[in-house]
Amino acid sequence: MLRHSTKLFVNLERAAGLGASSASASSAGTGSFIPKQSDTMTSSTTPSYQKSLTLDNMCPTVRTAQYAVRGELVIRAEKLVSTLDRQKNEGIKLLPFEEIVYCNIGNPQQLKQKPLSFFRQVVALCECPELLESPHIDKIFPADAIARARALLASVGNTGAYSGSQGIASVLRSVAKFIEKRDGYPADPESIFLTDGASVAVQRILRLLIRDRSDGILIPIPQYPLYSATIELYGGSQLGYYLNEEAGWKMEIPELERSYNDAKEKGITPRALVIINPGNPTGQTLDAANMSDIVQFCHQKRLVLLADEVYQENVYSENKPFVSFKKVVKDLGTKVEGLEMVSFHSVSKGFVGECGKRGGYMELFGISPEVKSEIYKLSSIGLCPNVIGQLVVDLMVNPPQEGEASHKQYIEERDAIYNSLKRRANLLATALNSLEGVTCNAPEGAMYAFPQIRLPPKAVEEAKQNGKQPDAHYCIQLLEATGICVVPGSGFGQRDGTYHFRTTFLPSEQAIEGVCKKVADFHKAFMAKYK
Ligand code: DCS
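Listed below in structure tokens is the structure:
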């Protein structure tokens, strides 16, 4: 009777489609599973199905590409979340903390940064245009939000329809005006492409530049791993140039020369130079003289300049305001005639922080019309950037103006976020610098601190024995002791024998002192343990 009911249960499970999944789970790693149509057969008579797509025969660069910002540490943190849920629901203490603090990623709204009101009002109206017909609409939404939504809808038509591949024409015009105002030089809407965040734009340009391993892209070390991962995915070569940590992560032309010449000696053609300004993960900002040298270096070597300027509004040092590469190139005029450049911007950063809306743009400069047509084709293969993201780009580049109903509130919200980020950047850097064996260049921009940690030899030894990078070993212990999730420096690149981690300064002003204190307590205990 017992045997019979067990069989019945197994058959019911199979009938519910559970048999196949348990079979595939039990055969995980062998690459075979029992197909559903065989459910009536006994397993001994089932022919095994050889998986067509396996780890061994898939595109190898997908496997070798690494992206630490959402890597091992975050996967561990996500596992801890379910333990925290149990801790909360069952009222038992399982971990020495109550929540995970995600300092691994520049995702401000995940850490409770409030969206700018005007942006959400306009998006809400565009998403639900019937609201505009309501006789009471002017009691709920400010007049300029209503007017902007009407204007955008007039050019977009409907947010549920594909837009043009390059982006909505009126938004492209808004971006061009913004660039003109920022730099004091004309910008052509035809050379702008709207994209799903800057990530897609960067990937699209790297796709064009890389044919095989003999094409190299100069990237900073440390760098934001979108670059290393994408170069790897497309089968190109990463040509690292080190930023000078002792000199505040300065970018130095002789080091660029060194990396360029090393590549040439290896038979690799450097095709492009990536500059992240303000820097991620370093937070450094470039001054105009340094930028001018960089531009001339690119011109002399015929390198396409890829200017990642997504943190252009996150600049905290008064004596180094943001200057765009477009302006530097235009200032140089005929000296750099013919230079090719693509610059990137995004709605994810600055005080906008609308990461989830996936809006961004790139501006092409000096790129040949033939190549531009190919970029257009690539964009059209993806149909179009998401339409809400495009609307948010419009709002970012054309916020409420003086005299408009929302202007005061917009300025207050903007300044509150900006000033708070500035205070938090200082607070974090000061706290990190007070720790034994830790030095941290104060972030001049962006959203991150990248402290160097001098790990005791015993900690390095133990990490190596466990097959871990020493900085990952430190970060894992930090996570497990405090719930604070940061990213090991090895995920961004660093000089051999040095160890860092990257943390955002995005926890709220109320929370950040607590975060600093927890890091300090952990660090003291860690250093004592391995002394
Ligand atoms: N460029 C840089 C330098 C970035 O830091 C990021 C995102 C991007 C481009 C792409 O952003 P969007 O695709 O959202 O426009 N920064 C990641 C990071 O390091 N933390 O958060 C995301």
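Quick note, the numbering used here runs 18 ahead of the 1-based positions in the sequence shown. Idealized CB from N, CA, C, for every residue including glycine.
query                                                                                                                    : result
Nearest to I435 (by Cα), restricted to the options Q483, G185 and L129                                                   : L129
Q68 in three-state terms, based on DSSP                                                                                  : strand
Given 8 Å, three or more beta-carbon pairs between the region 126 to 140 and the region 87 to 99                         : no
Short Cβ contact (8 Å threshold) for F369 with V328                                                                      : no
In chain order, each beta strand (DSSP E) run of at least 3 residues that lies wholly inside the region 186 to 226       : 210 to 213
Contacting residues, own chain, Cβ-Cβ under 7 Å from E565 (five flanking each side not counted)                          : Given a span of 19 to 549 for the chain in the structure shown, any question on residue 565 remains unanswerable.
As assigned by DSSP and simplified to three states, the class of P506                                                    : strand
CA-to-CA distance, E331 to A546, given in whole angstroms                                                                : 40 Å
Sufficient close CB pairs (3 or more, under 8 Å) joining the region 221 to 235 to the region 441 to 455                  : no
Extent of the continuous beta strand (DSSP E) to which F383 belongs                                                      : G378 to F383
Local Cβ density within 10 Å of R222, reported as buried at 16 or more and exposed below that                            : buried
Segment contact flag, the region 504 to 518 with the region 467 to 477, C-beta cutoff 8 Å, min 3 pairs                   : yes
Opposing strand residues paired with T522 [DSSP bridges]                                                                 : Y466
Bridge partners - F1, DSSP secondary structure assignment                                                                : Absent from the model: residue 1. The displayed extent of the chain is 19 to 549, so no value can be given.
Same chain, Cβ closer than 7 Å to H425, neighbours up to 5 away in sequence not counted                                  : P418 and Q419
For G185 and Q408, believed in contact at Cβ under 8 Å, the rounded distance                                             : 6 Å
Check: S397 C-beta below 7 Å from any heavy atom of the ligand DCS                                                       : no
Spatial neighbours of T58 in its chain, beta-carbon cut-off 8 Å, leaving aside the 5 residues before and after           : Note on T58: pLDDT 41, under 50, position unreliable in the model; the coordinate value appears next. The answer is none, since no qualifying residue turns up.
Cut-off 7 Å between Cβ atoms - residues of its own chain near L150, not counting five sequence neighbours on either side : L143, I164, A167 and R168
Extent of the continuous alpha helix (DSSP H) run through P272                                                           : I271 to E283
Euclidean distance between Cα positions of I399 and V347                                                                 : 31 Å
For I12, three-class secondary structure by DSSP                                                                         : The chain is shown from 19 up to 549; residue 12 falls before or after that span and cannot be answered.
The ligand DCS heavy atom lying under 7 Å from the CB of N176                                                            : no
Three-way DSSP call (helix, strand, coil) for I3 in this model                                                           : No answer is possible for residue 3: the residues shown for the chain start at 19 and end at 549.
Beta-carbon proximity of S526 to Y394, cut-off 8 Å                                                                       : no
Contact test: S246 Cβ vs the ligand DCS heavy atom, cutoff 7 Å                                                           : no
Euclidean distance between Cα positions of V354 and H317                                                                 : 6 Å
A247 burial status per 10 Å Cβ neighbour count (16 or more: buried)                                                      : buried
Nearest-angstrom Cβ-Cβ length linking V313 and L357, presumed shorter than 8 Å                                           : 7 Å
Spatial neighbours of K345 in its chain, beta-carbon cut-off 6 Å, leaving aside the 5 residues before and after          : D201
Inter-residue Cα distance where the pair is N444 and E148                                                                : 46 Å
Three-state secondary structure (DSSP) of T177                                                                           : coil
Contact between the region 528 to 543 and the region 268 to 277 (3+ Cβ pairs under 8 Å)                                  : no
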